[in-house]
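Novice: Going by the working numbering, 670 is the number at position 144 of the sequence shown; the sequence numbering is gapless.
Below are the C-alpha cells for one structure; questions will follow.
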Amino acid sequence: MKAACLLLLLAAAAVAGETGDILSCDGKKVSFSIPGKVVVILASSQPLADQTREFGKALYGWQGREEFRVIVVVDLRNSLGTLFKGWTTGKMRADLDEEAERLIPWYRANQNMRNPRGDLCGVADFSGKATDFLAWGQDDTKMKVKIFGKSGDVVWSDMDAKTPETLRHEVGKLLGEPVPTPPDAAPKKSRIILRKG
C-alpha cells in the first residue's frame, strides 16, 4: 500500500514538472514547468545531435517571448563526458553563452531587450536522473519532446518525433505565430544543441 502511494506521488510530481534536485549546467535548480510559461523540453544525446539542433532551430521564432522557454536535456549516460564532468558542464556553459548571442536578433524581434543568457537552460544528464524523471527510457536514439503548459501540466509529448513540424504547430496553438526570421539573424548552428557528448 505504501509503495503504491509513493508511486502515485512520484507520478503526480512528474506531471507537475517538479524535478527535485536536478540542476542545470549553470548549477541552478531546474523546474520543467514554470507558472505562466510554455516550456518545451528537448532531448539530446550523441546520436540525436543533428535532430535536436533541427528542433531547437524550429523554435527560434518564439525565443524572447516572456511566456516561452526551452530546456535541453542532454543524455550523457553513454558519453565520454561522464569521465570529464567539470569540462563537459563548462563547455556547455560556454556554448550557452554563444547561443545567447545568436538569439539576440530573435529576442529583439519579439520586443525583448533582455540578454537571452538568463533564459537558457541545458541539463547535463550524466546519471539519467532527468531522463528517467521525464519517463524517456533508455533509448537515446529517439527524439523525445514534452511541452508543459502555463498551468504546469504536460499538454503534449512525443516519444519518437521525426520532424519539428508538429512541435511547431503545438507551440503555435499555445503562443500564436512565431516572428519571421530577422534580417540580422546569424545562420550559425547552435553548439549547445549540437552537443555530441
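Where is the CB? At the ideal position from N, CA and C, for every residue including glycine.
Tell me whether F730 sits in a helix, a strand or coil according to DSSP, three-state version.
Specialist: The structure shown does not extend to residue 730, since the chain spans only 527 to 723, so no value can be given for it.
Novice: With a threshold of 7 Å, establish whether the CB of S550 neighbours any heavy atom of the ligand NAP.
Specialist: As far as ligands go, the structure on display features none, and thus does not contain the ligand NAP.
Novice: Taking the alpha carbon of V596 as the point to measure from, which residue in A661, V649, N636, L602 has its own alpha carbon closest?
Specialist: V649
Novice: Terminal residues of the continuous alpha helix (DSSP H) containing A711?
Specialist: Where A711 is concerned, there is no enclosing alpha helix (DSSP H), given that its DSSP letter is neither H nor E.
Novice: Rounded to the nearest angstrom, what separates Q637 and K688 at their Cα positions?
Specialist: 32 Å
Novice: Kindly give me the distance between the Cβ atoms of F610 and L701, rounded to whole angstroms, as I take these residues to be in contact under 8 Å.
Specialist: Contact doesn't hold; Cβ gap of about 38 Å is too wide.
Novice: What whole-angstrom Cβ distance do M669 and F558 have, given they're in contact under 8 Å?
Specialist: Going by Cβ atoms, the distance from M669 to F558 rounds to 17 Å, so no, they are not a contact pair.
Novice: Where does L585 sit, in a helix, a strand or coil, going by DSSP?
Specialist: Reduced to three states, the DSSP call for L585 is coil.
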